[in-house]
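Below is one structure, written out as structure tokens; the observations come after it.
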Amino acid sequence: MPVCARHGEQGFHAFACRDVCVAVGTGGAALEVTWWQCLLDGESMFASLLCAGCIATHRLPPSPAALDDPRLSEDVPHQTLAVPICIRCFEEWRLARGVSVAGPYPGVPAGWSSSPDAEQNAAK
Ligand SMILES: [Zn+2]
Ligand SMILES: [Zn+2]
Numbered sequence: 096m097p098v099c100a101r102h103g104e105q106g107f108h109a110f111a112c113r114d115v116c117v118a119v120g121t122g123g124a125a126l127e128v129t130w131w132q133c134l135l136d137g138e139s140m141f142a143s144l145l146c147a148g149c150i151a152t153h154r155l156p157p158s159p160a161a162l163d164d165p166r167l168s169e170d171v172p173h174q175t176l177a178v179p180i181c182i183r184c185f186e187e188w189r190l191a192r193g194v195s196v197a198g199p200y201p202g203v204p205a206g207w208s209s210s211p212d213a214e215q216n217a218a219k
């Protein structure tokens with residue numbers, strides 16, 4: 096997993112489409128973001144923060160989608176739709192832009208400290 100230049104290895108990394116990554120990386124304008132999840136037999140196989148444009152362009156079925164859904168084209172470009180992103184950077188952008196994520200977006204994982212200092216203090 097890549098290391099965030101700002102948050103280091105602290106960050107839990109999620110996946111997002113390239114547009115969301117660019118918006119977060121450049122502090123760009125708000126996008127319509129969906130926590131797009133793909134299930135196989137009810138188990139989550141894949142999830143990514145996708146903009147509405149990507150969902151439309153790739154004709155993705157609504158989230159959560161089944162991996163064996165025939166509407167799911169096999170040539171979904173992972174390099175465009177599954178770019179690793181730092182969840183802390185995403186959260187900062189999301190809160191600054193007032194973006195709400197559609198779908199069961201888990202946010203920052205439980206037990207994940209918002210600041211490295213707080214975690215160190217708690218461990219003392
Ligand atoms: Zn996109
Ligand atoms: Zn970061």
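Under my numbering, the first residue of the sequence shown carries the number 96, and numbering increases by one thereafter. Note that CB positions come from ideal geometry on N, CA and C, so glycine has one too.
- Within the segment 106-134, the alpha helix (DSSP H) runs of at least 4 residues that lie entirely inside it are, in chain order, 113-121.
- Counted as a single uninterrupted DSSP element, the beta strand (DSSP E) harbouring Leu144 occupies residues Glu138 to Cys146.
- C-alpha of Glu104 to C-alpha of Thr175: approximately 23 Å in a straight line.
- Proximity of the beta carbon of Leu145 to ligand 1 is indicated: a heavy atom of the ligand is located closer than 7 Å.
- By the C-beta density criterion, Arg154 is exposed, having fewer than 16 other C-beta atoms within 10 angstroms.
- With a 10 Å radius around the Cβ and a threshold of 16 neighbouring Cβ atoms, Ala125 comes out exposed.
- For Cys99, there is no enclosing beta strand (DSSP E), since its DSSP letter is neither H nor E.
- If the five residues before and after Glu186 are omitted, its C-beta is found closer than 8 Å to the C-beta atoms of Gly202 and Val203, all from its own chain and listed in chain order.
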